[in-house]
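Single-structure report; data block below.
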Amino acid sequence: MEWERSFRRKARKGEAGLAAEMDVDKFSTLPEHVQHHILSFIPSIEEVANTSLVSKSWLGTWRSFLITDFKPWLILPDADVSDFMETGLGEYGKSFVKFVDGALMRSREGMPRFGFFVNAELAPHLDRWLGMALDCHVKELSINIMSDLPYSIPARVLSAHFIKTLTLTGGVEIDGISAVSLPSLRLLHLVCTLIDNQMFQRLLGGCPLLEDLSLCSCGLLSEIKVPNLHYLERVTVAGMGPEIKVVSIEAPGLESFKLDRGYQYVRVRDIGLAVHVSPNVRCLELLGLDQTDEQFCQFLSKLPLLESLILHRCMLLKRIEISNPLLKKISIENCDNLVDIRMDTPKLLSFYYETADTLPSIWTENSPYSCATGFKFLLWRDPSASWFQKFQEFVGRCSTAFRCLESTVLLLERDDEMEDEMTKKVVLSAPGIQHLKLMLVASQSSYPLILDGLFSACRPTTFL
11 MEWERSFRRK ARKGEAGLAA EMDVDKFSTL PEHVQHHILS FIPSIEEVAN TSLVSKSWLG
71 TWRSFLITDF KPWLILPDAD VSDFMETGLG EYGKSFVKFV DGALMRSREG MPRFGFFVNA
131 ELAPHLDRWL GMALDCHVKE LSINIMSDLP YSIPARVLSA HFIKTLTLTG GVEIDGISAV
191 SLPSLRLLHL VCTLIDNQMF QRLLGGCPLL EDLSLCSCGL LSEIKVPNLH YLERVTVAGM
251 GPEIKVVSIE APGLESFKLD RGYQYVRVRD IGLAVHVSPN VRCLELLGLD QTDEQFCQFL
311 SKLPLLESLI LHRCMLLKRI EISNPLLKKI SIENCDNLVD IRMDTPKLLS FYYETADTLP
371 SIWTENSPYS CATGFKFLLW RDPSASWFQK FQEFVGRCST AFRCLESTVL LLERDDEMED
431 EMTKKVVLSA PGIQHLKLML VASQSSYPLI LDGLFSACRP TTFL
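Sequential numbering from 11 applies to the sequence shown in my numbering.
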């Protein structure tokens, strides 16, 4: 019938129309400035570049998108990227300068982010590029200098009222700037930056709304004194040498503090280092800091609101007492001289202990804990029968201190001839330990002793 054929034709057209509507790229229908605004939220320019592979329309959007993270390897062939650190841009240098100039000239409606990775070859152009970025009222500024010669940051950068985040990495020098005014700055990260104590104080004095401060390997600083910044929430101090004598953070809103002495300073005895932070800190992480038991106990007693504590490579600690009614997480890693850990932490939810081979006594006033518990031992030699006997005693003590619904052992074994590591799971019949990882660098001849000692200590019911 005619009406039936007409109905089917309309139905087919409807299905085709629906399919076409479903295939429409909604992003491509948006105005170009809206597309650019959406792409600006992607943190990595490499990820933005990958969007050009979606379609021709997306390729056009990428070509018109303002580059905000300028790295030389954006224009280098893959074969030359690995040689860039040693040989520089070479013949691509002029092309990169032209590439950056063109991108900055297209920024008519402002610039949300501006990031640079430059070497000595490109440093002479940086003043001009920074000036163009500041003219565009850049909000997030990041500069990474790879050069033996220091680059003096222009004074105009430290008086830009619109900058919200500032990251300076490498041979950036901050000196001789009489006035600093960064009223909108929320994040300040300095890595290997050349700045002395006086200039550092002047810099912080111009950042009244600062929320996040990170200092890493700033070798000219001998003291880190942060004034009373009411909005400061997070502070990280890392890689500082033995010349640092004082770390004092006066910030009533401080919630997180991390101090990392760095691997190169592990054996430097810095008992004279004075550390003072706001009593409102909730998350504390200490790496490579050498304090005596008495100093550490006194330090913790001044942090009544602490909820998370991480200790790593604190080699002078032997016997510690951790007493806090609010503490929920404890992680102790590679504090290899610890022989006694005593805890009075009724709200503990997570406990983790990692070491090379020491097996400390763990005592608690609140046992048994029903919390996530993890242990990890790294043995760089064949374990002896006596070690497994001590290990069995350690497992027994932990079973009385911690009560968990799941008991698991992760055994990671490797010999000299194996390239890949193998992971095996052992389910324990004894309650108490939720996760235990043994990393054994041992010869195949010692495997029977390892398995026998593991089985006798943990009494596994299943071996996978």
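Every residue gets a Cβ at the ideal spot worked out from N, C-alpha and C, and that includes glycine.
Residue i versus residue j: straight-line alpha-carbon distance, rounded
i      : j      : result
Phe267 : Arg323 : 17 Å
Val110 : Phe80  : 7 Å
Asp462 : Ile254 : 49 Å
Phe210 : Pro218 : 14 Å
Leu422 : Phe387 : Any answer about Leu422 is weak, because its pLDDT of 46 lies below 50 and its placement is not dependable; what the coordinates show is given next. About 10 Å.
Lys357 : Leu136 : 53 Å
Ala6   : Phe401 : The first residue shown for the chain is 11 and the last is 474, placing residue 6 beyond what the model contains.
Thr177 : Ser227 : 14 Å
Trp397 : Asn290 : 42 Å
Phe412 : Met250 : 37 Å
Tyr379 : Ser288 : 29 Å
Gly180 : Ile155 : 5 Å
Thr302 : Lys312 : 16 Å
Gly384 : Cys408 : 11 Å
Ile187 : Gly216 : 12 Å
Glu304 : Asn376 : 23 Å
Ala261 : Pro252 : 25 Å
Met115 : Val167 : 19 Å
Glu403 : Lys338 : 26 Å
Trp373 : Cys146 : 60 Å
Asn334 : Gln399 : 33 Å
Val44  : Lys108 : 26 Å
Pro308 : Ile342 : One detail in the question is off: residue 308 reads as Gln in this sequence, not Pro. So the alpha carbons of these two residues sit roughly 18 Å apart.
Own chain partners of residue i with C-beta closer than 6 Å, once the 5 adjacent residues on each side are dropped
i      : result
Pro41  : none
Pro458 : none
Leu265 : Per the sequence presented here, residue 265 reads as Glu, with Leu not at that position. Cβ within range, chain order: Glu243 and Arg292.
Pro193 : His171
Glu295 : Lys268 and Ile320
Val245 : Leu223, Ile259 and Phe267
Residue i and residue j closer than 9 Å at C-beta
i      : j      : result
Asn344 : Glu364 : yes
Asn207 : Glu183 : no
Ile330 : Phe361 : no
Leu220 : Leu195 : yes
Val257 : Leu223 : no
Asp516 : Val247 : Because the chain is modelled from 11 through 474, residue 516 falls outside the range shown and cannot be assessed.
Ser157 : His171 : no
Phe124 : Ser169 : no
Ile259 : Leu230 : no
Thr175 : Leu144 : no
Leu299 : Val285 : yes
Leu326 : Asn347 : yes
Leu200 : Leu239 : no
Leu159 : Ala113 : no
Val405 : Ser371 : no
8 Å Cβ shell around residue i - same chain, five flanking residues per side excluded
i      : result
Ile332 : Leu310, Leu319, Ile340, Ile351, Arg352, Met353, Asp354 and Thr355
Leu315 : Pro289, Asn290, Val291, Arg292 and Leu336
Ile4   : Outside the modelled stretch of the chain, which goes from 11 to 474, sits residue 4, for which no answer is possible.
Ala133 : Ile155, Ser157, Leu159 and Tyr161
Lys328 : Asp303, Asn347, Leu348, Val349 and Asp350
For residue i: DSSP bridge partner residues
i      : result
Lys149 : DSSP lists no partner for Lys149.
Asp354 : Ser333
Val236 : Ile259
Ser341 : Ile320 and Tyr362
Arg123 : Glu150
Glu183 : Ser162 and Leu204
Lys268 : Thr246 and Glu295
Leu225 : Leu200 and Val247
Asn129 : Met156
Ser371 : Asp350
Thr39  : DSSP lists no partner for Thr39.
Own chain, CB closer than 7 Å to residue i, minus 5 neighbours either side, in chain order
i      : result
Arg212 : Val190
Tyr241 : Leu219, Leu220, Glu221 and Gly263
Thr203 : Leu178, Val182, Ile184 and Cys228
Chain B contact for residue i (CB, 9 Å cutoff)
i      : result
Val257 : Absent from the structure is chain B; it holds one protein chain and no more.
Cβ-heavy atom distance, residue i to the ligand FMN, below 8 Å
i      : result
Ile163 : Among the ligands in the structure shown, none appear at all, so the ligand FMN cannot be discussed.
Would you be able to state if there are at least three C-beta pairs under 8 Å between the segment 157-177 and the segment 130-140?
The segment 130-140 and the segment 157-177 touch, with no fewer than 3 CB-CB distances between them shorter than 8 Å.
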